[in-house]
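Mapping the sequence shown onto UniProt numbering, position 232 (from 1) lands on 232, and the numbers just tick up by one.
Working notes, structure below.
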Amino acid sequence: MLVGKKEIQNQITSVISTKKITKAMEMVAISKMRKTEERMRLGRPYSEIIKKVIHHVIKGSLEYKHSYLESRDTIKKVGMIIISTDRGLCGSLNTNLFKQVLLKIREFMLVNVPCNLILFGLKSLSVFKLYGSAILAQITNIGENPDLSKFIGSIQIILEKYQNREIDKIFIAYNKFHNKMSQYPIVTQLLPLSPDKSILNKEKWDYLYEPESKLILDILFNRYIESQIYQSILENIASEQAARMVAMKTATDNSSSRIKELQLIYNKVRQASITQELNEIIAGASAVSVD
């Protein structure tokens, strides 16, 4: 009995230590989530406005037909930008995203269309380097406040392949931040661009370009792609911290429940030990009195 009590005490001590760690990680995640959520929300207006401008431009009568608007009849190869986290302990955030990505890759594999990958985040690298798809570029250690310049080189690699017709479609996969309790995976087509009916209205218009449409549109379309990718990175970072906060809170609550269970078991074992000792004393006293 005494050995049992000692083992239970050790378990309680261990769970209490775990609870302290998960509680501390929860507090850190809350602090980081507030900063990353604010940064993500500050980026949304620019991302939305440039998206509206692009779709207004698409509706106009363009003198210069940009390659990003060209829908190709035959799809020989696709590209996928996958944005994951560098660290774990954020619940099923990465798992849910990877499931959606693998479904999309499998969809193209069934029609013999290979997929080239751009990987942002250590978790995506650890999964997809074993999967067999070609990895064009990879970036880890994204951090909570990423600099777009860190990603430009990788973005240019896949855009150049698209412009050279080595890739016919580009998708981007990331976790969209809805609120502190809800984040969901998105796999959406980045290129070629197609008109968004939710943005366009029925009026007809066009733009005057100075000095020339080709120069302006090349810059505009590239800025648009960069902004969408960067905003997706910010959304994923905010989602990571929110998911980690929830995961650590759940772990802390589970630790509290486990401590209560172990304390109840310990009290029962202790009571049984005391009862056994009393019975032994009574039995010993009875034996002496009989003698």
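Glycine residues also receive a C-beta, built at the ideal position from the N, C-alpha and C atoms.
Can you tell me where the beta strand (DSSP E) with residue i in it begins and where it stops?
i	result
ILE186	182-191
ASN175	169-179
GLY79	78-83
ASN116	115-120
Taking the continuous alpha helix (DSSP H) assigned at residue i, which residues delimit it?
i	result
ASN141	Looking at the DSSP string, ASN141 is not in any alpha helix (DSSP H), and its letter there is neither H nor E.
ILE155	149-163
ILE75	Looking at the DSSP string, ILE75 is not in any alpha helix (DSSP H), and its letter there is neither H nor E.
VAL111	Looking at the DSSP string, VAL111 is not in any alpha helix (DSSP H), and its letter there is neither H nor E.
Looking only at its chain, what residues have a beta carbon closer than 6 Å to the beta carbon of residue i, apart from the 5 residues adjacent to it on each side?
i	result
SER227	SER47, ILE50
GLU240	THR85, CYS90
Verify whether the separation of the beta carbon atoms of residue i and residue j is less than 8 Å.
i	j	result
TYR162	LEU191	yes
ILE21	ILE259	no
residue 298	LEU125	The displayed coordinates of the chain run from 1 to 291. Any statement about residue 298 would go beyond what the structure contains.
ILE237	THR36	yes
VAL187	VAL269	no
MET40	GLU235	yes
ALA242	LYS150	no
In whole angstroms, what is the alpha-carbon distance linking residue i and residue j?
i	j	result
THR252	SER194	46 Å
PRO185	LEU93	8 Å
THR18	ILE83	30 Å
GLU7	TYR266	9 Å
ILE172	TYR230	11 Å
GLN189	ASN254	40 Å
LEU220	ASP147	20 Å
PHE57	LYS104	Inspection of the sequence shows that residue 57 is occupied by Val rather than by Phe. Straight-line Cα distance between these residues: approximately 29 Å.
THR275	THR250	38 Å
ILE170	ASN10	54 Å
HIS55	SER256	52 Å
ILE225	CYS115	19 Å
GLY91	LYS77	33 Å
ARG44	SER232	10 Å
Give me, in chain order, the residues of the same chain whose beta-carbon lies closer than 8 Å to that of residue i; leave out the 5 immediate sequence neighbours on both sides.
i	result
LEU89	MET25, ARG244, ALA247, MET248
THR74	ASP168
ALA137	ILE118, LEU119, GLY153, SER154, ILE157, ILE158
ASN222	LEU159
LEU262	ILE8, GLN11, ILE12, VAL15
LYS23	MET248, THR252
Tell me, please, whether the CB atom of residue i is closer than 8 Å to any CB atom in chain D?
i	result
SER71	This model lacks chain D altogether, as it is built from one protein chain only.
Which same chain residues end up closer than 7 Å to residue i when comparing Cβ atoms and leaving out the 5 residues on each side of it in sequence?
i	result
HIS178	TYR184
GLY121	ILE83, SER84, THR85, ASP86, THR140, ILE142
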